[in-house]
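Undergrad:
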């Protein structure tokens, strides 16, 4: 079995998304469309990497229920490596539910309890020699998502089997932003967050993505990329902050936009793009996704 260049570790689940062209307020009942598609941060990143002709492997927890078998089939149909996914007979396949309207994301609930319950079982291939071990750590890119528990993320930040990995980390949602703190404390990895998440991590409010990215690096992050919807995005390392405004497009969907940005940025740098070019390519890919130009 060949070793994949990129691992995507985190949530692989079903996205149930209700979308309407109407504006919505709490309690509103409006017509729209409801879809069920493969999703989860790790899955979304892997699917986007696949569109850039990369072949990532997924490390996650998926049940052996009918929903899980169907989901694994969808992954394989998209040519994603599912050989290392932990398949539990006792845990149901996770699910995410969201409502999107003309005025943005109205509400969402992520049921990732099975992923959390599986714990470090999903990391077994990185510890038992299949993909890596303490003595021979995996040396490629690893995309992590904040649906993992705080304890597991703390473990990853210091675990020897991750010592040589190029860690790329996203919080999954503002409510899980503080789960990224172990990587700031360890000055490890590249953080991909939005403006709100950056503020939560730094316990302050930022006026711009550039200010937020610089603030995260000042706090200890090795590198931070901060998005802010249609406003300027930033990439910061110690002593250098890049900023760029994304293309203007008509927004038709928002769930998964940050994951598409992160995956496109990883793919660009995997191909050898420099920091300015990678940022430009990632913003273009995210704009194409939210405009509906990219099929799911």
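In the UniProt record's numbering, the protein residues as written are 1 to 296.
We treat Cβ as the ideally placed atom computed from N, Cα and C, and that holds for glycine.
#1: So what's residue 92 in DSSP terms, helix, strand or just coil?
#2: Within this structure, are the beta carbons of residue 75 and residue 58 separated by less than 8 Å?
#3: What three-state label does DSSP hand residue 100 in the structure shown?
#4: Looking at the secondary structure, which residues open and close the beta strand (DSSP E) in which residue 215 lies?
#5: Do residue 200 and residue 216 have their CB atoms nearer than 8 Å?
#6: Thinking residue 7 and residue 138 are a contact (beta carbons under 8 Å), I'd like their distance in whole angstroms, please.
#7: Using only alpha-carbon positions, find the residue among 119, 17, 12 and 120 that is nearest to residue 70.
#8: Compute the beta-carbon to beta-carbon distance between residue 236 and residue 213, rounded to the nearest angstrom, for a pair I have assumed lies under 8 Å.
#9: For residue 251, which residues from the same chain have a beta carbon less than 6 Å from its beta carbon, with the 5 sequence-adjacent residues on both sides left out?
#10: So residue 142 is in the beta strand (DSSP E); what residue range does that whole segment cover?
#11: When burial is assigned at 16 or more other CB atoms within 10 Å of the CB, is residue 35 buried or exposed?
#12: For residue 239, which residues in the same chain have their Cβ closer than 7 Å to its Cβ, ignoring the five residues on either side in sequence?
#13: Per DSSP, residue 133 is paired with what?
#14: Is residue 297 helix, strand or coil by DSSP?
#15: Following the continuous beta strand (DSSP E) through residue 29, name the residue where it begins and the one where it ends.
#16: Report the option in 281, 245 and 248 whose CA atom is closest to the CA atom of residue 262.
#17: Can you list, in chain order, the residues of its chain with a C-beta nearer than 7 Å to that of residue 269? Leave out the 5 residues immediately preceding and following it.
#18: What residue from 259, 272, 80 and 283 has the CA that sits closest to residue 172's CA?
#19: Exposed or buried, residue 15, counting other C-beta atoms within 10 Å across all chains shown (16 or more means buried)?
#20: Label residue 156 either buried or exposed according to how many other C-beta atoms from any shown protein chain fall within 10 Å of its C-beta, with 16 as the threshold for buried.
#21: Can you give me the start and stop residues for the beta strand (DSSP E) that residue 236 sits inside?
#22: Which residue's Cα is closest to the Cα of residue 219: 234, 161, 91 and 187?
#23: Would you kindly check if the distance between the Cβ of residue 104 and the Cβ of residue 241 is under 8 Å?
#24: Run through DSSP, which three-state label would residue 291 get?
#25: DSSP three-state call for residue 122: helix, strand or coil?
#26: Taking Cβ to Cβ, would you say residue 5 is nearer than 8 Å to residue 141?
#27: Taking residue 256 as the reference, which of 89, 98 and 162 has the closest Cα?
#28: By how many angstroms is the C-alpha of residue 177 removed from the C-alpha of residue 22?
#29: Rounded to whole angstroms, what is the Cα-Cα separation between residue 249 and residue 33?
#30: Which stretch, first to last residue, makes up the alpha helix (DSSP H) that contains residue 259?
#31: In whole angstroms, what is the alpha-carbon distance linking residue 154 and residue 180?
#32: My output table needs one value for residue 240: the three-state DSSP class, helix, strand or coil.
TA: Here's the rundown:
#1: Taking the chain shown and counting its residues from 1, the one referred to as residue 92 is at position 92. Residue 92 falls in the coil class under three-state DSSP.
#2: Counting from one through the chain shown, the residue named residue 75 turns up at place 75. Counting from one through the chain shown, the residue named residue 58 turns up at place 58. Yes.
#3: Position 100 of the chain shown, counted from the start, is the residue given in the question as residue 100. In the structure shown, residue 100 sits in a strand (DSSP, three-state: E or B).
#4: Position 215 of the chain shown, counting from 1, holds the residue named residue 215. From DSSP, residue 215 is part of no beta strand (DSSP E) but of the alpha helix (DSSP H) over 209–219.
#5: Here residue 200 is taken as the residue at index 200 of the chain shown, counted from 1. Here residue 216 is taken as the residue at index 216 of the chain shown, counted from 1. 8 Å or more divides the Cβ of residue 200 from the Cβ of residue 216.
#6: Translated into positions along the chain shown, residue 7 becomes position 7. Translated into positions along the chain shown, residue 138 becomes position 138. Yes, residue 7 and residue 138 are in contact; Cβ-Cβ is about 7 Å, under 8 Å.
#7: Here residue 70 is taken as the residue at index 70 of the chain shown, counted from 1. Of 119, 17, 12 and 120, the smallest CA-CA separation from residue 70 is found for 12.
#8: Position 236 of the chain shown, counted from the start, is the residue given in the question as residue 236. Position 213 of the chain shown, counted from the start, is the residue given in the question as residue 213. Contact between residue 236 and residue 213 holds, with the beta-carbon distance rounding to 3 Å and staying under 8 Å.
#9: Counted from its first residue, the chain shown places residue 251 at position 251. Closer than 6 Å at the Cβ level, and outside the excluded window around residue 251, lie 290.
#10: Taking the chain shown and counting its residues from 1, one reaches residue 142 at position 142. Its beta strand (DSSP E) spans residues 141–145.
#11: For the purposes of this step, residue 35 is taken as the residue at position 35 of the chain shown. Around the beta carbon of residue 35, fewer than 16 other beta carbons sit within 10 angstroms, so the residue counts as exposed.
#12: Walking along the chain shown from the start, residue 239 turns up at place 239. Answer for residue 239: no residue qualifies.
#13: Taking the chain shown and counting its residues from 1, one reaches residue 133 at position 133. Note: residue 133 sits in no beta bridge, so no partner.
#14: Since the first residue of the chain shown is 1 and the last is 296, residue 297 is not available in this structure.
#15: As a working note, residue 29 is residue 29 in the chain shown. It is not in any beta strand (DSSP E) - residue 29 carries neither H nor E in the DSSP assignment.
#16: Position 262 of the chain shown, counted from the start, is the residue given in the question as residue 262. Ranking 281, 245 and 248 by Cα distance to residue 262 puts 281 first.
#17: Counted from its first residue, the chain shown places residue 269 at position 269. The beta carbon of residue 269 lies closer than 7 Å to those of 278 in the same chain, with the five residues before and after it left out.
#18: Locating residue 172 in the chain shown gives position 172, counting from the first residue. Closest by alpha carbon: 259.
#19: For the purposes of this step, residue 15 is identified with residue 15 of the chain shown, where counting begins at 1. A buried status is given to residue 15, since no fewer than 16 other beta-carbon atoms sit within 10 Å of its beta-carbon.
#20: Taking the first residue of the chain shown as position 1, residue 156 is located at position 156. Classification of residue 156: buried, given that the 10 Å Cβ count is 16 or more.
#21: The count along the chain shown starts at 1 and reaches residue 236 at position 236. Per DSSP, residue 236 belongs to the beta strand (DSSP E) from 231–237.
#22: By 1-based counting over the chain shown, the position of residue 219 is 219. Taking only the C-alpha atoms, the option nearest residue 219 is 187.
#23: For this step, residue 241 is matched to residue 241 along the chain shown. For this step, residue 104 is matched to residue 104 along the chain shown. A distance of 8 Å or more separates the beta carbons of residue 241 and residue 104.
#24: Here residue 291 refers to the residue found at position 291 of the chain shown. Coil, per DSSP.
#25: For the purposes of this step, residue 122 is identified with residue 122 of the chain shown, where counting begins at 1. Judged by DSSP in its simplified three-state form, residue 122 adopts helix.
#26: By one-based count along the chain shown, residue 5 stands at place 5. By one-based count along the chain shown, residue 141 stands at place 141. Yes, these two residues count as a Cβ contact at 8 Å.
#27: Taking the chain shown and counting its residues from 1, one reaches residue 256 at position 256. When each option's Cα is compared against that of residue 256, the closest is 98.
#28: On the chain shown, residue 22 is found 22 positions in, with the first residue counted as 1. On the chain shown, residue 177 is found 177 positions in, with the first residue counted as 1. Going from the Cα of residue 22 to the Cα of residue 177 covers about 30 Å.
#29: Along the chain shown, one-based indexing puts residue 249 at 249. Along the chain shown, one-based indexing puts residue 33 at 33. So the alpha carbons of these two residues sit roughly 21 Å apart.
#30: Within the chain shown, the letter at position 259 stands for residue 259. That run of the alpha helix (DSSP H) goes 257–270.
#31: Numbered from 1 along the chain shown, position 154 holds the residue referred to as residue 154. Numbered from 1 along the chain shown, position 180 holds the residue referred to as residue 180. Going from the Cα of residue 154 to the Cα of residue 180 covers about 9 Å.
#32: In the chain shown, counting from the first residue as 1, residue 240 sits at position 240. Correct three-state label for residue 240: strand.
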